[in-house]
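Which chain is which? The protein sequence lines are A and B, in order. The numbers in the working numbering rise by one with no breaks, and the one at position 155 of the first sequence is 1146. The numbers in the working numbering rise by one with no breaks, and the one at position 92 of the second sequence is 1083. The beta carbon of each residue, even a glycine, is placed where N, CA and C say it ideally should be. The model shown is predicted, which means the values in this text are computed figures rather than measured ones. Below you'll find the structure, written out as structure tokens, and then a few comments.
Protein chains: 2
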Amino acid sequence: MAASNRTPFAILGFLTLGPMSGYDIKKLVEESTENFWSESFGQLYPALRKLTEDGLIAKQATASEGGRPRNIYSINDRGREALATWQREPTAPPPVRIELLLKLFFGEHCDRATNRKQILAYREQMVRDLERYRAIRERLHRDRSENAGLPYWLLTLRFGERDRAAHIEWCDETLAVLDELPDGGSEAGEEGNPQWQASTQTGT
Amino acid sequence: MAASNRTPFAILGFLTLGPMSGYDIKKLVEESTENFWSESFGQLYPALRKLTEDGLIAKQATASEGGRPRNIYSINDRGREALATWQREPTAPPPVRIELLLKLFFGEHCDRATNRKQILAYREQMVRDLERYRAIRERLHRDRSENAGLPYWLLTLRFGERDRAAHIEWCDETLAVLDELPDGGSEAGEEGNPQWQASTQTGT
DNA sequence: ATTTGCATGTAAAATGTTACATGATTGC
DNA sequence: GCAATCATGTAACATTTTACATGCAAAT
């Protein structure tokens, strides 16, 4: 998985929004970047410790109100610098692993109904995503209109909207194409053909 | 990474194209599904051994021509059944981890030039992908027009084309938006604002 | 009372990439 | 002769998820 652990940078980014605990970060991730970037506690807590050791963030144990112990982390100047440096660096292309396409690539061995069902399920997910994005957009405009980060958040949201819309169009085109194709059926047999070698490359 | 190791199914899929070695599979992956599904030797060889042990494929050691030893694997009926079963099963949504969007999400803390540079680099990659896909498409039509799998391969290629085209449009829109925004600059300071909690969710 | 949420963390397992070891053969 | 490619495999490392352990506080 390449030499790249971006969790520290995600943490630094969220800490620019204000001091907070690991738990807070996790919650924030879930309600903001989850659609294109997620983090689990198993990554978060070790990374917080490392960032503290490296002096990019400061930890402040709090047991004040209610007596509930919390570790509150704040970003410092070195942390802000590390964040900015990362933002200027070349960005790794996102790794893609689209199981749907792998299934469809071998779709010749399935009956039409199976292929259709897979595409339809994917399409429904895309539609649900779009509905969710619309709700998020409305909520952002309602509750966050003053925030300086809002334009950037909206740009990432727009990415999701365009992406999903394009995939829905692909689903519709694909369904139409599938209807024109002979219905295979998954009967074994036919004997693997021998002209497989070289040049079959395909998209994404 | 969730209970899902799809490598065996990828292998089974490729073996439907004919008997071949692990090395052959790796080559085929590179020139066909690499854009949406890749495999490394570190996954391939252990998975081939496991599939053989489980009786879904058969291994045949060859030392024939030239004396070069090769292990040729063939899918059998149980393997074909396992493949078809997987193709009918619900498909996990692809995991997304888009570093570009994470950077842009915190773009408020960068100067405009940095944000622009990141988007432009991404756009260039999308354009290169599209050019590559066009070459693949031409090659497929030229060399593979007889193959029964071709329509399905073209569908996965179309996915990549639509995806990249949509992302390019997003890049253009984003660049226009960035030009309207005040140029931040990465100076520390400003003090993290305190109204971060709840409702910031965004797209993809 | 009991569930839900707050809160921190660790351990183990799954998954995946990269680098290495090894050696044959083919084309220049 | 030498580089490239064929060919198989392992080991180490990196990354990430899931499950668990632990316990307090607030709301129903």
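Whole-angstrom C-beta distance between residue j and residue i, which should lie under 8 Å
i                 : j                 : result
Glu1090 (chain A) : Ala1083 (chain B) : 6 Å
Leu1003 (chain B) : Ile1063 (chain B) : About 15 Å separates the two Cβ atoms, so there is no contact after all.
Leu1035 (chain B) : Ile1016 (chain B) : 6 Å
Leu1146 (chain B) : Tyr1143 (chain A) : Rounded, the Cβ-Cβ distance is 35 Å, inconsistent with contact.
Leu1093 (chain B) : Thr1024 (chain A) : 6 Å
Leu1141 (chain A) : Arg1135 (chain A) : 5 Å
Gly1013 (chain B) : Leu1039 (chain B) : 5 Å
Thr1076 (chain B) : Phe1097 (chain A) : Not a contact, Cβ separation roughly 13 Å.
Bounding residues of the alpha helix (DSSP H) (the contiguous stretch that carries residue i)
i                 : result
Thr1043 (chain B) : Phe1032 to Glu1044
His1132 (chain A) : Arg1103 to Asp1134
Trp1161 (chain B) : Leu1141 to Glu1171
Phe1005 (chain A) : Thr998 to Leu1006
Val1020 (chain B) : Gly1013 to Glu1021
Phe1096 (chain A) : Glu1090 to Phe1096
CB of residue i within 7 Å of CB of residue j, strictly
i                 : j                 : result
Trp1161 (chain A) : Phe1150 (chain B) : yes
Asn1099 (chain A) : Gly1046 (chain A) : For the record, residue 1099 (chain A) in the displayed sequence is Glu; it is not Asn. No.
Arg934 (chain B)  : Asp1120 (chain B) : In this structure chain B extends from 992 to 1195, so residue 934 (chain B) is not present and cannot be described.
Ala1105 (chain A) : Gln1116 (chain B) : Note that residue 1105 (chain A) corresponds to Thr in the displayed sequence, not to Ala. The answer is no: Cβ separation not under 7 Å.
Leu1169 (chain A) : Arg1103 (chain A) : yes
Phe1000 (chain A) : Leu1019 (chain A) : no
Ala1052 (chain A) : Ala1157 (chain B) : no
Limits of the unbroken beta strand (DSSP E) element including residue i
i                 : result
Ile1048 (chain A) : Ile1048 to Thr1053
Arg1061 (chain B) : Arg1061 to Ile1066
CB contact below 7 Å: residue i versus chain B
i                 : result
His957 (chain A)  : The first residue shown for chain A is 992 and the last is 1195, placing residue 957 (chain A) beyond what the model contains.
Gln1109 (chain A) : yes
Pro1085 (chain A) : yes
Ala1157 (chain A) : yes
Arg1079 (chain A) : yes
Cys1162 (chain A) : no
Arg997 (chain A)  : yes
Ala1139 (chain A) : yes
Ser1012 (chain A) : no
Ala1179 (chain A) : Reliability fails at Ala1179 (chain A), whose pLDDT of 44 lies under 50, so the model's placement of it is uncertain and the value that follows must be treated cautiously. Yes, Ala1179 (chain A) lies at the interface with chain B (some Cβ there is under 7 Å from its Cβ).
Ser1190 (chain A) : The predicted model places Ser1190 (chain A) with a pLDDT of 46, which falls under 50 and marks its position as unreliable, so this point remains unresolved.
Thr1105 (chain A) : yes
Thr1147 (chain A) : yes
Gly1098 (chain A) : yes
Interface flag, residue i vs chain A, CB-CB below 7 Å
i                 : result
Tyr1143 (chain B) : yes
Lys1094 (chain B) : yes
Thr1076 (chain B) : no
Leu1172 (chain B) : yes
Gly1033 (chain B) : no
Arg1125 (chain B) : no
Thr1007 (chain B) : yes
Ile1002 (chain B) : no
Glu1115 (chain B) : no
Arg1153 (chain B) : yes
Ile1063 (chain B) : no
Leu1047 (chain B) : no
Ile1089 (chain B) : yes
Leu1121 (chain B) : no
Thr1043 (chain B) : no
Thr1053 (chain B) : no
Per the contact definition of three or more C-beta pairs closer than 8 Å, is the region 1157-1167 of chain A in contact with the region 1104-1120 of chain B?
With the cut-off at 8 Å, the region 1104-1120 of chain B and the region 1157-1167 of chain A do not touch.
Cβ contact (3+ pairs, closer than 8 Å) linking the region 1138-1152 of chain B and the region 1122-1129 of chain B:
Counting Cβ pairs under 8 Å, three or more are found: they touch.
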